[in-house]
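First the structure, in the form of structure tokens, and then the observations on it.
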Amino acid sequence: MLSKGYRKYLSFFAFLAPAFIIYTIFLLIPTLGGMFYSLTDWNGLNPAYDFVGFANFVEILRADPDFLNSLWFTLKYVVIMVVLQNVFALFLAVLIESKRRSKGFFRTIFFMPNMISLIISAFMWSFVFTQVLPQIAEKTMLTFLDQGWIGDPSVSFYSIIIVSLWNGVGYMMIIYLAGLQGVPQHLQEAAIIDGANVFQRFMRVTLPMITHALTICLFLTLNGAFKVFDVVYGLTGGGPGRSTQVITLNIYEEAFSSNFRYGYASAKSIILFLFILLFTFIQISVMKKREVES
Amino acid sequence: MRKRTAASYLVTLLLAVLAAVSFFPIYLAVINSFKTQGEMFSSVMALPTKLHFENYVYAYQQINLLSSVKNSVIVSILGVGGIIFTAGLAGYKLSRTPGKLSNFIFFLFIASMLVPFHSIMISLTRVAKSLAVQGTTYGLGLIYIGLGVNMAVFLYHGFVKTIPKELEESARMDGCGDFQTYFRIIFPLLLPISVTIGILNFLWIWNDFLLPLLMLTDVNRYTLILSTNMLFGEYNKEWSLILAALVLTAIPVVIIYSIFQRFIMEGITEGAVKG
């Protein structure tokens, strides 16, 4: 007969083991491994490698303009995406919420693009950008439609934004819709009686009441935007040249398609991780303060 | 009152226009997938004069549709099933066990949710290679369990707190062991959160691109998304064929969406609020 305490331990480990073992193998070890490799010159193929300390990080910051460009490009993308995605999603959610009968229909339509995988969305849009818009431009004289959507570095940034928004807004819209449902009707009515207009009601009543949804959506959009990969890969492949190469694509190419510098690419991935941590930390602490105030 | 009605019409109109714009790319992909290349170049906007199903037949063969879908289904079922099974057990036990060890393990799970996939993908390929799970369908499913389990443990952990402890105590009185108590009493009660977790993970795994790209080399083991990607690379300019393939790739998701629509919406909001 086992003692009670011992059996408790046994049961604890038996329940934990399946999840923890598989988590350790495919997530924990690779995470720690990535940190370790970032300090080596491992090339991914050769089992032997040397420990080089912070040399990779020094090289990235001093002598890797491609990475710094991709970092800058990604930061621009993050800022624009976080703002636009939330503004659009909230705007749509507020409009839809006001409709009683057609709510379900519009919700479905705007959410639909989110069901299509990002890479497929990118392919679909590259058809629109390279075939549809130029043809419409030709036939209707709306010449602005015929841009170098994919081929012109200054324009392709916006193409990437358009596709990302098209795919991603629906998801955030659902979360905002759920948030809006929790805003008590009587508060709105009271504000109407007090003579508040639509804009004032939104700023003073609706927005403070959905701060929680806002926190979540900012977190999700911020994180998602830093990790953007599929859209860029499918749409421009990082080109023309390296003009639309986001960080993730830069890491991917460094490791898998051109250089096979696994250690060096790992160092880049650590930098990406630190950026995400930093921005997430700032976002959460700012939002927490706001939640308390309201 | 009249003014409000006018405003309401205006809102509907605005929504309708935006919805049309949002739906437009899908509409274009569908109509053009039935045209010949020539028809498309004369007008992308026109409806097809004759439905050219041969685009679909060709795409069906090129992306090896049956086999790709089968692979995607295996990977998704293994991934989703494995996540629900393992994370349910762990989340439940962690939630019910006070103590430092339990807290530490829970913290590990949560902390790892912040690690982006791109930061682990390089050494993950090495781990997968050394365990000989790289390149296999089942291996890919296993990796998804490892990557998805942290979030699921977190969600289960929170949900278990809403289940009264008395239920387990009375089951134990009736002579149930720990596992019996879990599978007979607790697991059925976890159903709502299991559905949420299942849906969120299914959508992620089914639509995922980068991990299969890194892990799979054998065309016969390609997932649907990967097959379509390969086709796009090879037939870059043959738009009728590519569009047919894109539509084919989107169809399973649309079917799943129409069946589970309510659960998907709930899953997203639940997942977001609890996550």
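Protein chains in written order, with my numbering: chain A, 8 to 301; chain B, -16 to 258. A virtual CB, placed ideally from N, CA and C, is assigned to each residue, including glycine.
Check distances from the C-beta atoms of the region 269 to 296 of chain A to those of chain B and list, in chain order, the residues that come in under 8 Å. 269, 272, 273, 276, 277, 279, 280, 283, 284, 287
inquiry  = Taking 8 Å as the threshold (beta carbon to beta carbon), is residue 52(B) in contact with chain A?
reply    = no
Would you mind sorting residue 139(A) into buried or exposed? The rule is 16 or more other CB atoms within 10 Å of its CB.
buried
key: Own chain, CB closer than 8 Å to residue 154(A), minus 5 neighbours either side, in chain order   = 140, 162
Report task. Determine, using beta carbons only, whether residue 41(A) comes closer than 8 Å to chain B. Result -> yes
| task | At 8 Å on the CB atoms, spell out the chain B contacts of residue 178(A), in chain order. | result | Here the neighbours are 251.
The alpha helix (DSSP H) that contains residue 211(B), what's its start and end? 207 to 217
Measuring straight from C-alpha to C-alpha, what distance separates residue 16(A) and residue 57(B)? 35 Å
Original post:
Going by Cα to Cα distance, which pick from 121(A), 18(A), 78(A) is closest to residue 6(B)?
Top reply: 121(A)
Using the three-state DSSP reduction, which class does residue -7(B) fall into: helix, strand or coil? helix
- Query: Going by DSSP, which residues form a beta bridge with residue 58(A)?
  - Reply: 47(A)
So what does DSSP say about residue 224(A), is it helix, strand or coil? helix
Is the region 46 to 55 of chain A in contact with the region 248 to 260 of chain A, if contact means three or more CB pairs nearer than 8 Å? no
Practice task
Express the C-alpha separation of residue 87(B) and residue 60(B) in angstroms, rounding to a whole number.
Solution key: 30 Å
Can you name the residues of chain B whose CB is closer than 8 Å to the CB of residue 132(A)? 8
Pairwise C-alpha distance: residue 285(A) and residue 205(A) | Residue 205(A) and residue 285(A) have their alpha carbons spaced roughly 36 Å apart.
- Are the region 233 to 245 of chain A and the region 123 to 142 of chain A touching, with three or more C-beta to C-beta distances below 8 Å? yes
query: Who are the neighbours of residue 69(B) on chain A, taking C-beta pairs under 7 Å?
result: 25, 26, 29
At least 3 beta-carbon pairs within less than 8 Å: the region 69 to 85 of chain A vs the region 98 to 105 of chain A
In short, these stretches do not touch, since the Cβ pair count stays below three.
Exercise. Could you tell me the distance, in whole angstroms, from the CA atom of residue 191(A) to the CA atom of residue 197(A)?
Key: Between the alpha carbons of residue 191(A) and residue 197(A) lies a distance of about 10 Å.
Exercise for the section: Flag residue 140(B) as yes if its beta-carbon sits less than 8 Å from any beta-carbon of chain A, otherwise no. Expected result: no
Using a 10 Å radius around the Cβ and a threshold of 16 neighbouring Cβ atoms, would you call residue 143(B) buried or exposed? buried
**Request:** Go ahead and pull the three-state DSSP assignment for residue 52(A).
**Result:** coil
Checklist entry - By the criterion of Cβ-Cβ separation under 7 Å, what are the contact partners of residue 255(A) in chain B? => result Those within 7 Å of residue 255(A) in chain B are 101.
Notebook entry, point to check: Mind checking residue 247(B): buried by the 16 CB within 10 Å criterion, or exposed?
Noted result: buried
| Nearest CA to the CA of residue 74(A): which residue from 298(A), 279(A), 295(A), 291(A)? | 279(A)
| field | CA-to-CA distance, residue 37(B) to residue 60(A), given in whole angstroms | value | 58 Å
- Indicate whether at least one CB of chain A lies closer than 8 Å to the CB of residue 76(B). Taking CB atoms only, residue 76(B) has a neighbour in chain A less than 8 Å away.
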